[in-house]
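To start, the structure under review is shown below, and the notes come after it.
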Amino acid sequence: ALHLAQAEDGKGLDDFQKVYNAIAEKLRDEDEFDGYIGYGPNLVRLSWHVSGTFDKNDNSGGSFGGTYRFKKEADDPANKGLQNAARFLEPIAKKFPWISHGDLYTLAGVTALQEMQGPKIPWRPGRVDADEKDAPENGRLPDASKDGNYVRHYFGRFGFSDQEIVALLGAHCLGKTHLENSGYEGPWGAATNTFTNEFFVNLLNENWKLEKNDAGNEQYNSNKGYMMLPTDYGLIQDGKFKKYVEKYAKDQDAFFEDFKSAYVKLLENGIDFSKLGKAYVFKTLDEQDS
Ligand code: HEM
Ligand SMILES: NC(=O)CCn1cnc2ccccc21
């Protein structure tokens, strides 16, 4: 059965907004990380990796139990580089000991996206820490060397449509690939910490050349110094995906709307929130300054 959400007792919007603000202020303070990209993209990747282990067939994995805190999950080779995000969140967890790890990891991704000018992401608390025995085994996260059909099959495990898959991958407008983490090298120039539809614009507009990188892996490079993973490139090789790439390249608002829905579905997969009230929509720091 689905995990029943149990919100941290007595905690409401103001309490979670305080956690949001602590993460957002730390993001602003520590802006030099990763060549001045900052921690935002890394936090978004963490929120996806803790949720992407979900398997609808037995409702295992997913964001509910906060099991990324155990080495068994954190040491998954696919999670290499996310130690930075985990270290970033340690003082936040200490300052707000009442928040569950699953809620913290997902709220951090929401905070990072909104502070990087992304869409407002409705968020619900109620994930409850589980034991190490509940941590999913390694190998549930996707392989970047594959093609569009692999991506469609992979996300089929979560019940995502073609449109939801393309929208989700739009998050690759953020940050970069690091050879020492994943065996792919992204350019410094094209890495950003602002959420836009440029992943789709680049996919369609650049001349992509398949080249072997210094780790011996093939990736697509453009003469402007952009890169795409084989799985990224699969979105324009596959006709059914391509029409959504074109839609989002033309219409950033449509991308924001569809990304928001697919990202909430990703973070909430496997959890029954029906006993909870409305989702929270947090104010950005800028919206509170006034
Ligand atoms: C087919 C599915 C996917 C594959 C194969 C994939 C693969 C990768 C790889 C290899 C990296 C580079 C990691 C590194 O070297 O540091 C990366 C980075 C990233 N991914 Fe994905 N990813 C996928 C889906 C997603 C989704 C669904 C999201 C979020 C909704 C996401 C968000 C990110 C972000 C924000 C980064 C940049 C991290 C940083 O700059 O530290 N990815 N991804
Ligand atoms: N704009 C760029 O050339 C880098 C964008 N990009 C493409 N695939 C990616 C995967 C992760 C992070 C950034 C990525």
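Here our numbering runs 11 ahead of the position in the sequence shown, where the first position is 1. In this text, a Cβ means the ideal position worked out from N, Cα and C, and glycines have one as well.
With 16 or more other CB atoms across the displayed protein chains lying within 10 angstroms of its CB, T122 is buried.
In this structure, the alpha-carbon of P241 lies about 8 Å from that of G159. Per DSSP, Q128 lies in no alpha helix (DSSP H) and is assigned neither H nor E. Between N95 and N53, the C-beta spacing is below 8 Å. Spatial neighbours of G73 in its own chain (CB-CB distance under 7 Å, excluding positions within 5 residues in sequence) are listed in chain order as S62, T64, F65, N280 and G281. For Q263, the uninterrupted alpha helix (DSSP H) segment begins and ends at Q263 to E279. Under the three-pair Cβ rule at 8 Å, the stretch 79–87 does not count as touching the stretch 289–301. Distances from the alpha-carbon of K106 to those of I34, G92 and S233 put I34 closest. Using a 10 angstroms sphere on the CB of N208, the tally of other CB atoms reaches 16 or more, which defines it as buried. Distances between the C-beta of N208 and the heavy atoms of ligand 2 are all 7 Å or more.
Between L215 and I247, the C-beta spacing is below 8 Å. Collapsing the DSSP output to three states places Y50 in coil.
Straight through space, the alpha carbons of P102 and T78 are spaced by roughly 18 Å. Bridge partners of E209 according to DSSP: none are assigned. By the CB criterion at 8 Å, Y244 and N213 fall outside the cutoff. For N32, the enclosing alpha helix (DSSP H) stretches over residues L24 to D40.
Taking every protein chain shown into account, the CB of Y255 has 16 or more other CB atoms within 10 angstroms, so this residue is buried. For M238, the CB falls within less than 7 Å of some heavy atom of ligand 2.
Annotation for R80: H112 place their beta carbon closer than 7 Å to its own, counting only its chain and skipping 5 residues before and after.
If you draw a straight line from the Cα of F75 to the Cα of F210, it is about 29 Å long. Collapsing the DSSP output to three states places I110 in coil.
In terms of Cβ geometry, F99 and K144 do not form a close pair [threshold 8 Å]. In the DSSP annotation of this structure, the continuous segment of the alpha helix (DSSP H) that includes L179 starts and ends at D173 to L180. Around the Cβ of K289, a 10 Å sphere holds fewer than 16 other Cβ atoms; the residue is exposed.
Spatial neighbours of L152 in its own chain (CB-CB distance under 8 Å, excluding positions within 5 residues in sequence) are listed in chain order as H60, G63, T64, D87, A89 and N90. The C-beta distance from Q28 to F293 rounds to 6 Å, short enough to fall under 8 Å. Bridge pairing for D66: S71 [DSSP]. Taking the CA atoms as reference points, N149 sits about 39 Å from D297.
Take the alpha-carbon of L287 and the one of T205: they are about 32 Å apart. With respect to N224, G92 sits apart: the two C-beta atoms are not nearer than 8 Å. Sequence-distant partners of L221 (beyond 5 residues in either direction) whose C-beta falls short of 7 Å from its own C-beta, in its chain, are E229 and Y231.
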